[in-house]
Amino acid sequence: MITGRGHATPPPMPQDALWEGFFADHYGHSRAAETIWRRSGVRTRHGVADPRVDDVSQWSTSARMRRFVTEALPLGKEAVSACLADAGLDARDVDQLTVASCTGYATPGLDILLARDLGMRSDAQRLHVGHMGCYAAIPALATVADAARARGSVGILACVELTSLHIQPTGASGDRDADREQMVAHALFSDAAAAIAVTPTAGDGGEGPGLEVLGFTARTLSDAAELMTWDVTDLGFRMGLSSRVPRVLAGHVVAAVDELCARQGLTRAGVHHWAVHP
59 MITGRGHATP PPMPQDALWE GFFADHYGHS RAAETIWRRS GVRTRHGVAD
109 PRVDDVSQWS TSARMRRFVT EALPLGKEAV SACLADAGLD ARDVDQLTVA
159 SCTGYATPGL DILLARDLGM RSDAQRLHVG HMGCYAAIPA LATVADAARA
209 RGSVGILACV ELTSLHIQPT GASGDRDADR EQMVAHALFS DAAAAIAVTP
259 TAGDGGEGPG LEVLGFTART LSDAAELMTW DVTDLGFRMG LSSRVPRVLA
309 GHVVAAVDEL CARQGLTRAG VHHWAVHP
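Under our numbering, the first residue of the sequence shown carries the number 59, and numbering increases by one thereafter.
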């Protein structure tokens, strides 16, 4: 049962101001880049690194990782603290802390640093889910929900992503299409932390406050794996995002959703609310 949630964001940055103050020069006033930027649908974003002040595009990966820990820890603490308060839990009630992130790494990781700073018990189990992109939230939620169902564990899932630390230098790949994919990525993605509390279901009927986690389904399209990539380079992490992704997903999403609904005796027409991550 999802019984609490919390989130935290860095300071806001207007999208137009980012274009005019940094990305226009960064992309040599490219008409294609500006078109992508203006059509992104983003008006305001949040970032730990404002490129108008902190141009990280030439930073080494190690420098970006140090900055990740500096910024991610307070954001994660704020999100998890808000989540605990929303669920009426104390940090010492937590049996399992799962942290998902693909934009930064450290050892000790965010999981142990958050558990330490929030005062969780020393016997609380920890799990870090890394380098799976935004999809990681789904298997991470499945893991926390399974622990609640099988062992009666009280779990916290925290997702922390700081994509503003991975602005790439132009022309780094020598591939014009790859550079265009970077334009899309930099126009869309930014920074935040979010957390949910998952507690054992109250009774067989799922009674109680919150959202009951009923099930999961998945489709792994191995033959299309190269359409979305996240490469570790000497200058941070570089995203590949093919324009073919929506067409490939369109060929599989209906069957996956229908399968998930059928397990609960539902059809798509019987679903009253949808939350969709594109």
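All C-beta atoms, glycine included, are put in the ideal place defined by N, C-alpha and C.
Can you give me the C-alpha to C-alpha distance between residue i and residue j, rounded to a whole angstrom?
| i | j | result |
| --- | --- | --- |
| Gln-154 | Leu-176 | 13 Å |
| Glu-129 | Ala-283 | 31 Å |
| Arg-150 | Thr-228 | 47 Å |
| Ser-211 | Trp-95 | 44 Å |
| Ala-121 | Leu-293 | 9 Å |
| Gly-263 | Met-59 | The pLDDT assigned to Gly-263 is 47, lower than 50, so where the model puts this residue is not dependable, and the model offers no usable value. |
| Pro-68 | Ala-107 | 9 Å |
| Ala-82 | Met-123 | 26 Å |
| Gly-134 | Ala-333 | 23 Å |
| His-310 | Tyr-193 | 16 Å |
| Asp-289 | Leu-185 | 23 Å |
| Arg-321 | Ala-208 | 20 Å |
| Val-127 | Thr-221 | 13 Å |
| Arg-238 | His-87 | 13 Å |
| Leu-147 | Arg-179 | 13 Å |
| Gly-191 | Arg-101 | 23 Å |
| Phe-80 | Glu-136 | 29 Å |
| Cys-217 | Ala-173 | 14 Å |
| Val-303 | Leu-285 | 6 Å |
| Leu-269 | Ala-90 | 43 Å |
| Val-114 | Leu-223 | 6 Å |
| Thr-291 | Ala-243 | 16 Å |
According to DSSP, residue i sits in a beta bridge with which residue or residues?
| i | result |
| --- | --- |
| Pro-72 | Thr-102 |
| Leu-220 | Asp-249 |
| Arg-63 | Ile-254 |
| Ile-214 | Leu-155 and Ala-255 |
| Leu-269 | Ile-60 |
Between which two residues does the alpha helix (DSSP H) containing residue i stretch?
| i | result |
| --- | --- |
| Met-297 | Where Met-297 is concerned, there is no enclosing alpha helix (DSSP H), although the beta strand (DSSP E) it sits in stretches over 294-299. |
| Asp-289 | First-last for Asp-289: 286-291, but that is the beta strand (DSSP E), not the alpha helix (DSSP H). |
| Cys-141 | 119-145 |
| Leu-318 | 311-321 |
| Leu-172 | 168-176 |
| Glu-92 | 89-96 |
| Arg-179 | It is not in any alpha helix (DSSP H) - Arg-179 carries neither H nor E in the DSSP assignment. |
| Ile-196 | 195-209 |
| Leu-307 | 303-308 |
Residue i: buried (16+ other C-beta within 10 angstroms of its C-beta) or exposed?
| i | result |
| --- | --- |
| Glu-78 | exposed |
| Leu-324 | exposed |
| Ala-205 | buried |
| Thr-156 | buried |
| Pro-336 | exposed |
| Ser-301 | exposed |
| Gly-62 | buried |
| Gln-116 | exposed |
| Asp-249 | buried |
| Val-187 | buried |
| Glu-219 | buried |
| His-189 | exposed |
| Ser-118 | exposed |
| Thr-165 | exposed |
| Thr-93 | exposed |
Mind checking which residues open and close the beta strand (DSSP E) that includes residue i?
| i | result |
| --- | --- |
| Ser-159 | 154-159 |
| Arg-184 | 183-188 |
Considering Cα atoms alone, identify which of the options is closest to residue i.
| i | options | result |
| --- | --- | --- |
| Ala-143 | Ile-214, Arg-302 and Met-241 | Ile-214 |
| Asp-281 | Leu-272, Pro-258 and Leu-307 | Leu-307 |
| Tyr-85 | Ile-225, Met-71, Ala-158 and Thr-287 | Ile-225 |
| Ser-98 | Val-111, Val-315, Trp-117 and Gln-73 | Gln-73 |
| Val-202 | Ala-313, Leu-272 and Glu-92 | Leu-272 |
| Ala-200 | Val-114, Thr-275, Thr-165 and Phe-247 | Thr-275 |
| Pro-70 | Gly-105, Leu-76 and Gly-64 | Gly-105 |
| Gly-279 | Arg-305, Ala-255 and Val-256 | Note that residue 279 corresponds to Leu in the displayed sequence, not to Gly. Closest option to Leu-279, Cα to Cα, is Arg-305. |
| Asp-181 | Val-152, His-330, Leu-76 and Thr-287 | Val-152 |
| Pro-197 | Asp-112, Val-138, Ala-158 and Leu-168 | Ala-158 |
| Ala-253 | Ala-195, Thr-161 and Ala-245 | Ala-195 |
Could one say the Cβ of residue i lies closer than 9 Å to chain C's Cβ atoms, at least one of them?
| i | result |
| --- | --- |
| Arg-89 | Included in the structure is just one protein chain, with no chain C present. |
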